[in-house]
Every structure is written in structure tokens, then in C-alpha cells.
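**Q** Taking this note's numbering, I'd label the letters of the sequence shown as residues 892 to 1425.
Think of the CB as a built atom: it goes at the ideal place given N, C-alpha and C, for glycine as much as any other residue.
Structure provided below as C-alpha cells; questions to follow.
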Amino acid sequence: MDSAGFSMKLWPPSLSTRLMLVERMTKNLITPSILSRKYGLLSKEEAEEDAKQIEALAFDSANQHFDKEPDGDGSSAVQLYAKESSNLMLEVIKRGPQTKESAEGIVSEKVKASDETTIFDISKGRRDFISAEEASELLKPLSEPGNNYKRICFSNRSFGVDAAKIAGPILSSLKDQLTEVDLSDFVAGRPEEEALEVMEIFSSALDACDLRYLDLSNNALGEKGIRAFGALLKSQKNLEELYLMNDGISEEAAQAVCELIPSTDKLRILHFHNNMTGDEGALAISKLVKHSPALEDFRCSSTRVGSEGGVALSQALGECRNLKKVDLRDNMFGVEAGIALSNVLSIFSGLTEIYLSYLNLEDEGSIALANVLKESAPSLEVLEMDGNDITAKAAPVLAACIAAKQFLTTLKLGENELKDEGAILIAKALEDGHGQLTEVDMSTNAIRRAGARCLAQAVVNKPGFKVLNINGNFISDEGIDEVKDIFKNSLHVLGPLDDNDPEGEDYDEEADEGGDNENDLETRLKDLDIKQEE
């Protein structure tokens, strides 16, 4: 090979390189130093947000620099990327921790200034039909020579054919610079025939755009709508985020999505919330997921997926080792799909949020999942398993899992059947550590006085704790008074109790007589160890 004719491009950096920089900056921002002793140490949450903003700003600056000298190898852009990141990180450290009420700070101000020149957003206006004349006036900035718009949002405005014909040529002129397109809810109230024609116009105009982000949610697409966007979808090989929520994605529409998108190798976020996908549609989506190895955030909630589809999706997720957030709520998975998910769960070492509510998991599925979670996902922050018919039988395993998850911020186990026995075990699991915990939901679990008291005592002194929901239970009036007394210095943390029923339907008069047996139950469970492997 002739080395004189070979040139290695150093710019742009890969997605994994960019993410690695964010992680490295986050670690630097939360590591104690001489400067942090002077200016204060950032929380992990604030550091992660600042690191993401710093990286985005540094990347934009370096990218603009590279655009001016595209024939170079990108080494100067890489140097600028590193220098900008370092400078901005130093400014953030000197700024110190910020409260939500305080000033936006150096990074936020610079991001805002940068956003004004790269984002074109008409979604904040009134939600109504947009005429051709209004479209012509509204979209003028996109026609200005030398504009730097990379991200457009046409959500919340309804385009007809006339307005779409105005927008089409303008968008077509921006093909080489657009990276993010939001067309969610942009044909509301239009007849199907007109809506499909509008979609085809936009699709043709945006064909060959090299997008990283695409949102087509809230458009009642169905298969016809998906195919109307065929030209746009077929040209997408580098998508990182795809949103198809509340789009009437049926089995046929899901198959069309898989058929049209040529590559999902770089896809990080995939959201299919609130569709009528069903098992057959889930089988199609699972093929898409299986070919998305970079996936970090997967949402397939409220999609009418049953056991067969749940098993297929779970197995497909086994190819996505980078998953950080999984949301499968409100489907009909059942025990078999729950066990299938537990078989792949251990590979998600970076998992921080998992939403498994209303999946008909029952004790068997819940125990299988909790056993695996206990030994994996060390940084788990959100665990939701509401409405799964979980009884006290599963409580020891659940409690052991919860005890091991010291970074939990949110725990939701409402609408189950854990009763006092389960509630006391869960409370015991939360007693030690869990300094980042902000919310616990144990509502509608047939909990009575002893369980409510233990839960209150377990969370009352957690710094930053925001809400304990024990509504809809069977707590006696005396028990309510006890809980309120525990929270006497922070009553705002105790959720409403208006649905509590002191004489609940499974009320056992003999067991509760005089309140002594509640205390006896608490005593018997107090010394029950939560078994954790060293």
C-alpha cells in the first residue's frame, strides 16, 4: 500500500469514546481534591449532568473547527476537544455545587447560548393547524444563508399538505446539516389521506439526512404511516435515538419498521411505549433489538405483549450488554417471560433503572428476577415491581435484593400482597445505608399497623427522602397516629392516607385483638436476617 495515499481520520470520535470522556469527567468532578475542598464537591447526579453538557459543548466547538478544515486529519479538532473539555470542567469545579434555585451556572449558560444557534423549535406555540402562509413566515430562519441549525422540532403544530409543501424544500436544503428531527404530533386532527401525504412530503424532504435522533411519536402512524416515512427510514444508518410512542404500532407496523431501517448498530435509545404491538409485533421488535448492540435505554411499555412476545424480547435483550434502563411495564408477560428476562439480566452490569410493574410476574417470576438482581446491577437506582401479585412468600428474596442495592433512589412495590410480614422484611432491608433513597411505595399491600410503623421508622431519617406511600392499606387508627408521630418533624414526606381502610377485607379480628399480635409479628420478624452472600 502506498503510505503517501493513506490518511487516517482522527475526527469525529466514536460514540464509545465520547461516552468514555463523560464517565471520566464525572469521576473527576466527584473526586475530592484541593479545589473541591475550597469550592465544594458535586453530587454524582449533578456531575453526570455537567459532564454531558461539557462534552456536548466541546464536541460542537471541535466539530465546527473541523468543518473549516475538512482536509486535515482531525488532530487539531481532537486537541481542541480535549482543551475545551478541560477548561469547562475547571470552570464547573470552581463554580461548585448548584441548587435548583440558584443561577444556571457557567455550563448551562453556554449550552443555552449554543442551543439558540443550533435548535429550531416551534413546539412552544399554540397547538393548532398551521397554514401555508404561517409556515412560510415561521420557517424563515431555516432559509437564511449560513444558518447553523442541526436540530429541528415541529411537534405540537398540525401540518396540512399546503404547509408541508412550504416546509419540504426548506428541509431539503438542510439535509447536510440536520442531525436531530422531532416530528411528533405534527398531523393532529388531519384526515388520514392528508396526514399520509404530509408524512410522505416530509419523508422525501429529509431523505438521506444522516440523523442521530428521530421522534415520530403521537402520530397514529400504523403500518401506512410507517411506510409513508419509508424514504426517510430507509436512509438512516447512524440513528442513536428512535421514538415511536403512541403510534398505533401493530404487528404489521412493527414488521415495517424492522424492514425499512437498514441498520441499528449505533442505536442507544429505542422507545415503543403505548402501542398495540402484541406478541407478533414483539417478535418483530425483538429482531430489531437483537441487532442493536449499543442499546442503553429500551422502553416497550403498554404494548399488549404477552408471554411469547415477552420471552422473545427478553432473549433479544441478551444481545444488549450496555443496557442502563429497561422499561417493560404494563404488559402480560407472566411467569415464563419473567424467568426468561432473569436469564439475561446478569449481563447488564451498568443497569440503573428497571421498570417491571404490572407484568403478572407473581411470586415465581419476581423471585427469579430478584435473585439475579441481587448479584448484579451494583448501581441500580430505580426498582419498580408494582401490581405483580407478589406475596410474603417472595419477600425474603426481594428484601435481600433491596438490601444489596445501596444506590436505590426509588422503590415501588405497590398493589401487591406483601402484608405485614413482607413489609417488615422490606423495611429491615432499607434500615442500613440507602442514603440516596427518595421514594418508597408500598401502597395497597394489605399492610397493617406493624408493617406501616416499620416502614416509617426505616425511612424517616434518610437524608433527602421525599415520599413514603402507604395509602390503600389496612392500618388501624392507632397505627396512623403512630406513623404521623414518627414523621412529626417532616409530615410532608408522608403521602396521603385517605384510601386507608382500618377494617380491610382480610381483617383478622382475632389476630388484631388489642394490637398485641401485631407487635408479636414484628418481634418474631425483627431478628430475621436478610441473607446476602459475601
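Do residue 1173 and residue 1204 have their beta-carbon atoms positioned less than 7 Å apart in this structure?
**A** Result yes, Cβ atoms of residue 1204 and residue 1173 sit closer than 7 Å.
**Q** Could you give the uninterrupted runs of the beta strand (DSSP E) lying entirely in the stretch 1196-1224, keeping only those of 3 residues or more?
**A** Whole beta strand (DSSP E) segments, 3+ residues: 1216-1218.
**Q** By the 10 Å Cβ neighbour count, where 16 or more other Cβ atoms means buried, how is residue 1260 classified, buried or exposed?
**A** Answer is buried; the Cβ neighbour count reaches 16.
**Q** Considering only residues of the stretch 1062-1110, which uninterrupted alpha helix (DSSP H) runs meet the minimum length of 4 residues and lie entirely inside it, listed in chain order?
**A** You should have 1083-1097.
**Q** Let me confirm a value: residue 1340 is counted as buried when at least 16 other C-beta atoms fall within 10 Å, else exposed. Which label applies?
**A** That one is buried.
**Q** Between residue 1085 and the rest of its own chain, which residues show a CB-CB distance below 7 Å, the 5 nearest in sequence each way excluded?
**A** Correct list, in chain order: 1051, 1052.
**Q** Tell me residue 1303's beta-bridge partners as DSSP assigns them.
**A** According to DSSP, residue 1303 bridges with 1275, 1332.
**Q** Across which residues does DSSP place residue 1282 in a beta bridge pair?
**A** The partner list for residue 1282 (beta bridge, DSSP) reads 1308.
**Q** Compare the Cα-Cα distances from residue 1273 to each of 1180, 1234, 1332, 1196 and report the closest residue.
**A** Measuring from the Cα of residue 1273, the nearest candidate turns out to be 1332.
**Q** Taking the alpha carbon of residue 921 as the point to measure from, which residue in 932, 912, 914 has its own alpha carbon closest?
**A** The shortest C-alpha separation from residue 921 is found at 932.
**Q** Report buried or exposed for residue 1276, applying the criterion of at least 16 other Cβ atoms within 10 angstroms of its Cβ.
**A** Residue 1276 should be labelled buried.
**Q** Over what stretch of residues does the alpha helix (DSSP H) that includes residue 1143 continue unbroken?
**A** Looking at the DSSP string, the run of the alpha helix (DSSP H) that includes residue 1143 is 1142-1151.
**Q** Do you know how far the Cα of residue 1289 is from the Cα of residue 1271?
**A** Each residue's alpha carbon lies about 14 Å from the other.
**Q** Hey, would you say residue 1324 sits closer than 7 Å to residue 1348, going by beta carbons?
**A** No; because the gap between Cβ atoms is not below 7 Å, this pair is not in contact.
**Q** If contacts are defined as beta-carbon pairs under 8 Å, then residue 1328 and residue 1362 qualify, I think. What distance do you get, rounded to the angstrom?
**A** Not a contact, Cβ separation roughly 19 Å.
**Q** Mapping DSSP to helix, strand and coil, what is residue 932?
**A** Three-state DSSP puts residue 932 in coil, outside helix and strand.
**Q** Does the Cβ of residue 849 have 16 or more other Cβ atoms within 10 Å, making it buried, or fewer, making it exposed?
**A** Examination of residue 849 is not possible in this model, given that the chain is present from 892 through 1425 alone.
**Q** Return yes when the Cβ of residue 1345 is within less than 7 Å of the Cβ of residue 1318, no when it is not.
**A** In contact: residue 1318 and residue 1345 (Cβ atoms closer than 7 Å).
**Q** Do the CB positions of residue 1222 and residue 1257 come within less than 7 Å of each other?
**A** No, Cβ-Cβ distance for residue 1222 and residue 1257 is not below 7 Å.
**Q** Going by DSSP, what residue range makes up the beta strand (DSSP E) through residue 1390?
**A** Run containing residue 1390: none; DSSP gives neither H nor E here.
**Q** Specify the secondary structure class of residue 1190 as computed by DSSP and reduced to three states.
**A** Here residue 1190 sits in strand by DSSP.
**Q** Could you tell me the alpha carbon to alpha carbon distance between residue 1371 and residue 1380, rounded to whole angstroms?
**A** If I take the Cα positions, the gap works out to 15 Å.
**Q** Between which two residues does the beta strand (DSSP E) harbouring residue 1161 extend?
**A** 1160-1162 is the extent of the beta strand (DSSP E) around residue 1161.
**Q** In whole angstroms, what is the alpha-carbon distance linking residue 1150 and residue 1351?
**A** Distance between the alpha carbons of residue 1150 and residue 1351: 53 Å.
**Q** Does the CB of residue 1303 have a neighbour CB from chain C at under 7 Å?
**A** Among the chains in the structure shown there is no chain C, since it carries only a single protein chain.
**Q** Answer with buried or exposed for residue 1046, where buried requires no fewer than 16 other C-beta atoms within 10 angstroms of its C-beta.
**A** Residue 1046 comes out buried.
**Q** Three-state secondary structure (DSSP) at residue 1020?
**A** Strand.
**Q** Output the distance between the C-alpha atoms of residue 1068 and residue 959, rounded to the nearest integer angstrom.
**A** Cα to Cα, residue 1068 sits roughly 14 Å from residue 959.
**Q** Return helix, strand or coil for residue 1426, following the three-state DSSP convention.
**A** Given that the chain is displayed from residue 892 to residue 1425, the structure contains no residue 1426 and the question cannot be resolved.
**Q** For residue 975, count neighbouring Cβ atoms within 10 angstroms of its own Cβ and tell me buried if that reaches 16, exposed if not.
**A** Classification for residue 975: buried.
**Q** Helix, strand or coil for residue 1030? Go by DSSP, reduced to three states.
**A** Coil, per DSSP.
**Q** Roughly how many angstroms separate the alpha carbons of residue 1233 and residue 1239, rounded to a whole number?
**A** Their Cα atoms are separated by approximately 11 Å.
**Q** So for residue 1126, helix, strand or coil by DSSP?
**A** Coil, per DSSP.
**Q** Can you give me the C-alpha to C-alpha distance between residue 1015 and residue 1266, rounded to a whole angstrom?
**A** Taking the straight line from one Cα to the other gives about 45 Å.
**Q** What number of angstroms, rounded off, separates the C-alpha of residue 951 from the C-alpha of residue 1385?
**A** Each residue's alpha carbon lies about 45 Å from the other.
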